[in-house]
């Protein structure tokens, strides 16, 4: 009886740790698409767009969508807005710090909000052969994210360029 109880407890704590590690590894491949909606938040500091995330499980794609949205603002041009990192070597020079920034529950969460509380429209939940493609509308606070990256020393301040 003790062995069964021990095995059950071990499975409860060990298996989720492996699942999170696997999910983090899949996240770091950065498989997503950005759809510019041509919207700007009322505060003028945030970008609103749809992020399409690929994952083996639909709930996993939703968890990764926030990370992908922040990653997109930092490294990809969205509509007419350039990437924050531009042509810098941020991903190479600060790889370990970025891994910590984008971990589950990491600092990236401060800068992203799901529009409609992350509700996914039926048309935005597409099952492909062996994975899901989930589209979620998000708002990323570009101004605060830039300020954060500058304070960390990951990006050069715009004032320093002049």
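In our numbering, the protein residues as written are 7 to 168. No residue lacks a Cβ here, since even glycine has one placed at the ideal position from N, Cα and C.
Can you grab the Cα-Cα spacing for the pair residue 102 / residue 125, in whole Å?
To locate residue 102, count along the chain shown from 1; it is residue 96. To locate residue 125, count along the chain shown from 1; it is residue 119. Whole-angstrom Cα-Cα distance: 32 Å.
Roughly how many angstroms separate the alpha carbons of residue 108 and residue 54, rounded to a whole number?
Within the chain shown, residue 108 is the residue found at index 102, counting from 1. Within the chain shown, residue 54 is the residue found at index 48, counting from 1. Going from the Cα of residue 108 to the Cα of residue 54 covers about 20 Å.
Under the DSSP definition of a beta bridge, which residues are partnered with residue 39?
For the purposes of this step, residue 39 is taken as the residue at position 33 of the chain shown. The partner list for residue 39 (beta bridge, DSSP) reads 58.
If you run the structure through DSSP and keep just helix, strand and coil, what is residue 131?
Numbered from its first residue, the chain shown carries residue 131 at position 125. Three-state result, residue 131: strand.
What separation, rounded to the nearest whole angstrom, lies between the Cα atoms of residue 67 and residue 57?
Residue numbering aside, residue 67 sits at position 61 when the chain shown is read from its first letter. Residue numbering aside, residue 57 sits at position 51 when the chain shown is read from its first letter. One C-alpha to the other measures close to 10 Å.
Could you tell me the distance, in whole angstroms, from the CA atom of residue 112 to the CA atom of residue 148?
To locate residue 112, count along the chain shown from 1; it is residue 106. To locate residue 148, count along the chain shown from 1; it is residue 142. For residue 112 and residue 148, the distance between alpha carbons rounds to 17 Å.
Does the structure place the segment 151-161 close enough to the segment 123-139 that three or more beta carbon pairs sit under 8 Å?
Not touching, per the Cβ criterion.
Alpha carbon to alpha carbon, how far is residue 88 from residue 146?
If you number the chain shown from 1, residue 88 lands on position 82. If you number the chain shown from 1, residue 146 lands on position 140. C-alpha separation (whole angstroms): 14 Å.
Does DSSP put residue 53 in a helix, a strand or coil?
Here residue 53 refers to the residue found at position 47 of the chain shown. Three-state DSSP puts residue 53 in a strand.
Please state the DSSP three-state secondary structure of residue 107.
Locating residue 107 in the chain shown gives position 101, where the first residue counts as 1. In the structure shown, residue 107 sits in a helix (DSSP, three-state: H, G or I).
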